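Enquirer: Protein sequence lines correspond, in order, to chains L and P.
Numbers in my numbering are just positions in the first sequence, counted from 1, shifted up by 42.
Numbers in my numbering are just positions in the second sequence, counted from 1, shifted up by 2.
Note that the Cβ used here is the ideal one computed from N, Cα and C, for glycine as well.
Computed from a predicted structure; not experimentally measured.
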Amino acid sequence: MTVTAKHAFEILVRENADMLRAFVFSLVRDSNLADELFQETFLTAWRKLETYDSTRPFGAWLRGIAAMHAMAKKRKVAASKVHYFDDATLDLLEIRFAKMSRTRGDTWEEKIDALNQCLDALPKPAQDVISLYYHKNCTCKEVAAKLGLGLELIKKRLQRTRQLLFDCISTKLARAGVGGLS
Amino acid sequence: MTRDEDLAFAEDLLQGDDPAVLAQAAQRLKKNPDLRREYANQCFIHALLCSQTDMQDQKASRERITRVMQTLSTENARAGERSVRARRRRKRLLTFVGAAGSAALVLLAVTLVVFTGGPEGLPKAEAVVEMARQKSFEDLDRTYSLELIVTVGTRTYEADGWLYVRGADKVVMELETHRGRIVKGMDGKRQWVIPQKGPIFVHESETALQRMSPETADLPHLSMERILAQSSDLSSRITGKTEFPTWPGRTLILLECTPIKDAETAKFKKAQYMVDTKTGLVMRAELHFGNIPLVDKIQVNIQYSKEEKRADDFYGYEAHNADGRPLFDREKFREQLKERLNRPRPRDSRGTWWQKGPRR
Chain L
43 MTVTAKHAFE ILVRENADML RAFVFSLVRD SNLADELFQE TFLTAWRKLE TYDSTRPFGA
103 WLRGIAAMHA MAKKRKVAAS KVHYFDDATL DLLEIRFAKM SRTRGDTWEE KIDALNQCLD
163 ALPKPAQDVI SLYYHKNCTC KEVAAKLGLG LELIKKRLQR TRQLLFDCIS TKLARAGVGG
223 LS
Chain P
3 MTRDEDLAFA EDLLQGDDPA VLAQAAQRLK KNPDLRREYA NQCFIHALLC SQTDMQDQKA
63 SRERITRVMQ TLSTENARAG ERSVRARRRR KRLLTFVGAA GSAALVLLAV TLVVFTGGPE
123 GLPKAEAVVE MARQKSFEDL DRTYSLELIV TVGTRTYEAD GWLYVRGADK VVMELETHRG
183 RIVKGMDGKR QWVIPQKGPI FVHESETALQ RMSPETADLP HLSMERILAQ SSDLSSRITG
243 KTEFPTWPGR TLILLECTPI KDAETAKFKK AQYMVDTKTG LVMRAELHFG NIPLVDKIQV
303 NIQYSKEEKR ADDFYGYEAH NADGRPLFDR EKFREQLKER LNRPRPRDSR GTWWQKGPRR
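(1) Would you say P/F46 reaches chain L, if we count a Cβ-Cβ gap shorter than 7 Å as a contact?
(2) Could you check if L/L135 is buried or exposed, using at least 16 other CB atoms within 10 Å of its CB as the buried criterion?
(3) How big is the Cα-Cα spacing for L/L69 and L/R117?
(4) What residue from P/Q301, P/M71, P/L150 and P/Q26 has the CA that sits closest to L/R56's CA?
(5) Counting only the same chain and skipping the five closest in sequence on each side, list residues whose C-beta sits under 7 Å from that of L/K153.
(6) Compute the distance between the beta-carbons of P/Q58 and P/L16, then report whether it is under 7 Å.
(7) For P/A49, would you say it is in contact with chain L, using Cβ-to-Cβ distances shorter than 7 Å as the test?
(8) Just to confirm before moving on: does the CB-CB distance between P/P197 and P/P328 stay below 7 Å?
(9) Evaluate P/V277 with the Cβ neighbour count: other Cβ atoms within 10 Å of its Cβ, from every protein chain shown; 16 or more gives buried, anything less gives exposed.
(10) Report the residue from L/W88, L/L62 and L/A108 whose alpha carbon sits nearest the alpha carbon of P/S53.
(11) Would you identify the three-state DSSP class for L/F51, choosing helix, strand or coil?
(12) Which residue comes first and which comes last in the beta strand (DSSP E) that contains P/I151?
(13) The region 10-29 of chain P: which residues have C-beta closer than 8 Å to a C-beta of chain B, in chain order?
(14) How long is the line joining the alpha carbons of L/A187 and P/G326, rounded to whole angstroms?
(15) Decide yes or no for the touch test of the region 157-175 of chain L against the region 193-209 of chain L: beta carbon pairs closer than 8 Å, at least 3 of them.
(16) Between which two residues does the beta strand (DSSP E) holding L/D72 run?
(17) Using a threshold of 7 Å, state whether the C-beta atoms of P/D162 and P/E149 are closer than that.
(18) For P/L256 versus P/G242, is the C-beta spacing smaller than 7 Å?
(19) Can you give me the Cβ contacts of P/E245 inside the same chain, cut-off strictly under 8 Å, excluding the 5 residues immediately before and after it?
(20) Going by beta-carbon coordinates alone, are P/P49 and L/F127 separated by less than 7 Å?
(21) Could you say which of P/E341, P/I47 and P/R312 lies nearest to P/K145 if we only look at CA atoms?
(22) Going by the DSSP bridge assignment, what does P/W164 pair with across the sheet?
(23) Using a Cβ-Cβ cut-off of 7 Å, state whether L/H49 counts as contacting chain P.
(24) Quick check on the DSSP output: the beta strand (DSSP E) that includes L/E136 runs from which residue to which?
(25) If we call anything under 7 Å between Cβ atoms a contact, is P/H180 one with P/Y166?
(26) Please state the DSSP three-state secondary structure of P/Q54.
(27) Considering Cα atoms alone, identify which of L/D133, L/D162 and L/F139 is closest to L/P99.
(28) Can you list, in chain order, the residues of its chain whose CB lies under 8 Å from that of P/G18, leaving out five sequence neighbours each side?
(29) Can you name the start and end residues of the beta strand (DSSP E) that P/V23 belongs to?
(30) Going by DSSP, what residues sit across from P/D298 in a beta bridge?
(31) Rounded to the nearest angstrom, what separates P/R66 and P/Q26 at their Cα positions?
(32) From what residue to what residue does the beta strand (DSSP E) around P/E258 run?
(33) Quick one: measure Cβ to Cβ for L/H177 and P/T55, integer angstroms, because I've assumed they're closer than 8 Å.
(34) How would you call L/D162, buried or exposed, if buried means at least 16 neighbouring beta carbons within 10 angstroms?
Given below as structure tokens:
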């Protein structure tokens with residue numbers, strides 16, 4: 043591989059890193075494992091670059107490689123480190139990521155701008171739960187203790203908030219002409 | 003199940019701290035497509051939120067990309083070292099998998115031999131091999147037809163059957179022998195064999211299964227296990243490209259593997275593979291074995307048939323136990339054996355056998 047090819051690949055890595063990171067988070071829980079999967083996916087992509095069909099989106103190809111690696115890792119690591127997924131679930135996730143990738147924007151951050159807009163539109167209690175759980179990295183138990191609420195209520199609130207976000211993003215994407223997420 | 007219960011289940015599955023929920027996941031998601039969609043939606047938003055937090059740490063993002071690029075730069079320099087690691091990893095996997103008669107392992111065997119001993123400079127050989135490796139890991143149900151030819155002296159016994167594989171650790175082999183039907187398999191954790199008659203043998207270890215069921219010892223995969231254990235000692239060469247009448251339009255690479263060390267005494271004698279250059283799938287394999295007690299030689303032919311979705315429980319023995327046979331109970335068998343050994347033997351007036359003197 044020439045230096046030019048390596049530089050071109052580096053551009054592709056930079057363009058797709060955030061998207062791939064997000065996809066990996068839909069498959070694994072453990073951050074070290076996520077790092078490992080991220081690295082292995084790009085390495086495999088580099089080694090198999092000659093087999094890549096350039097008429098198809100590079101992101102989808104990367105996700106395919108990541109899914110393959112995740113499937114192999116699933117058999118070797120503890121169940122607590124990975125999310126549950128099978129072929130059918132992977133297909134559904136791929137549809138959602140593919141649609142998200144088709145939205146307007148040069149970077150993944152721009153593409154998921156709809157998420158920021160939807161987060162801003164959430165009611166305050168839902169925003170608090172999301173902020174503690176995702177941005178401050180608290181567990182459900184810690185969130186429950188901080189907000190003085192029951193654990194089951196926090197789980198339910200988290201789920202409903204995600205559901206709200208999904209519906210909100212889906213509507214925004216449909217309006218933008220990409221089509222709903224599901 | 004109500005919708006609320008389903009939603010609670012999806013959340014528990016995403017949180018992943020309840021093993022009971024994980025155990026039910028495959029079955030419940032399969033039965034309920036809406037629940038699966040809901041779970042996928044939750045996973046998707048969860049991933050977006052995680053990545054959003056992740057992106058805020060730009061320093062860590064930059065470092066991750068730098069690490070990838072640095073690894074790529076040293077990729078060629080470390081190629082030799084990686085090859086050794088990959089070989090070890092594969093060896094570990096193969097030891098774990100155990101049932102070497104599976105097509106999945108045949109695919110891995112191809113990967114191993116080409117990686118370790120394949121001739122260099124052949125067009126796209128590495129790409130084909132890498133694809134074959136990926137293929138063997140795919141969670142897809144593939145069916146191969148199976149032909150077993152056993153030669154004892156001047157006699158030849160033939161048995162036909164089917165080999166069903168999913169990924170590297172789910173296998174079912176159905177074999178119609180002259181003495182009846184044998185089904186052998188592995189469900190990812192346990193190995194099992196349903197012999198022509200009698201109870202079903204189930205164990206996590208292949209060796210223990212062999213000890214429990216002598217029927218298993220006759221099956222060719224035992225020899226394959228040996229091959230895989232000594233795979234680094236195999237010599238391989240690509241003998242050419244061909245087309246096969248069953249699959250018109252497909253170009254197949256012909257690969258031949260033979261043992262380097264102890265060729266005279268080794269059980270594995272030779273293997274010939276046909277690998278699809280486009281997909282990396284092993285379409286056909288001919289495996290030759292020798293030096294097997296009571297048998298002169300065994301030939302196993304495997305041919306790819308189709309890809310067909312099968313139920314998850316297909317790879318467990320339960321799905322093949324149509325006549326409701328019991329499981330072989332090791333403890334009960336041990337107890338019976340002990341009892342039989344401890345039972346006082348009747349002595350006649352002529353004393354025990356060694357007091358009777360030599361037979362006339």
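Expert: Here's the rundown:
(1) Closer than 7 Å to some Cβ of chain L, the Cβ of P/F46 qualifies, so yes.
(2) L/L135 is classed as buried because its beta carbon has at least 16 other beta carbons within 10 Å across all chains shown.
(3) Taking the straight line joining both Cα atoms gives about 13 Å.
(4) Here the closest residue by C-alpha is P/M71.
(5) Answer for L/K153: M142, S143, T145 and G147, listed in chain order.
(6) Between P/Q58 and P/L16, the CB-CB gap reaches or exceeds 7 Å.
(7) Judged by the 7 Å Cβ criterion, P/A49 is in contact with chain L.
(8) No; because the gap between Cβ atoms is not below 7 Å, this pair is not in contact.
(9) Its Cβ being crowded by 16 or more others within 10 Å, P/V277 is buried.
(10) Minimum Cα distance to P/S53 is reached at L/L62.
(11) If DSSP states are grouped into helix, strand and coil, L/F51 belongs with the helices.
(12) D143 to V154 is the span of the beta strand (DSSP E), which, as asked, contains P/I151.
(13) Considering every chain present, this structure includes no chain B. Its protein chains are L and P.
(14) Cα-Cα distance, rounded: 53 Å.
(15) Of all C-beta pairs linking the region 157-175 of chain L to the region 193-209 of chain L, three or more are shorter than 8 Å, placing the two stretches in contact.
(16) Element bounds for L/D72: n/a, residue is neither H nor E.
(17) Yes, Cβ-Cβ distance for P/D162 and P/E149 is below 7 Å.
(18) Taking 7 Å as the cut-off, the Cβ atoms of P/L256 and P/G242 count as close.
(19) Answer for P/E245: G251, R252, T253 and L254, listed in chain order.
(20) Reading off the sequence shown, one finds Ala at residue 49 of chain P, where the question assumed Pro. For P/A49 and L/F127, no; Cβs fall outside 7 Å.
(21) Here residue 145 of chain P turns out to be Thr, not Lys, going by the sequence shown. Comparing alpha carbon positions, the residue from P/E341, P/I47 and P/R312 closest to P/T145 is P/R312.
(22) For P/W164, DSSP records a beta bridge to P/S147 and P/E176.
(23) No, L/H49 lies away from the interface with chain P (no Cβ there is under 7 Å from its Cβ).
(24) Taken as a continuous stretch (DSSP letters only), L/E136 belongs to no beta strand (DSSP E), being part of the alpha helix (DSSP H) at D129 to S143.
(25) Cβ distance not < 7 Å, so P/H180 and P/Y166 don't count as in contact.
(26) Three-state result, P/Q54: helix.
(27) Selected option, being the one with the closest Cα: L/F139.
(28) Residues L24 of the same chain have their beta carbon placed closer than 8 Å to that of P/G18, with the five preceding and five following residues left out of the count.
(29) According to the DSSP assignment, P/V23 belongs to no beta strand (DSSP E) but to the alpha helix (DSSP H) extending over P21 to K33.
(30) None; P/D298 has no bridge partner.
(31) So the two alpha carbons sit approximately 36 Å from each other.
(32) It spans W249 to P261 - the beta strand (DSSP E) in which P/E258 sits, taken as one unbroken run.
(33) That pair is a contact at about 6 Å.
(34) Classification for L/D162: exposed.
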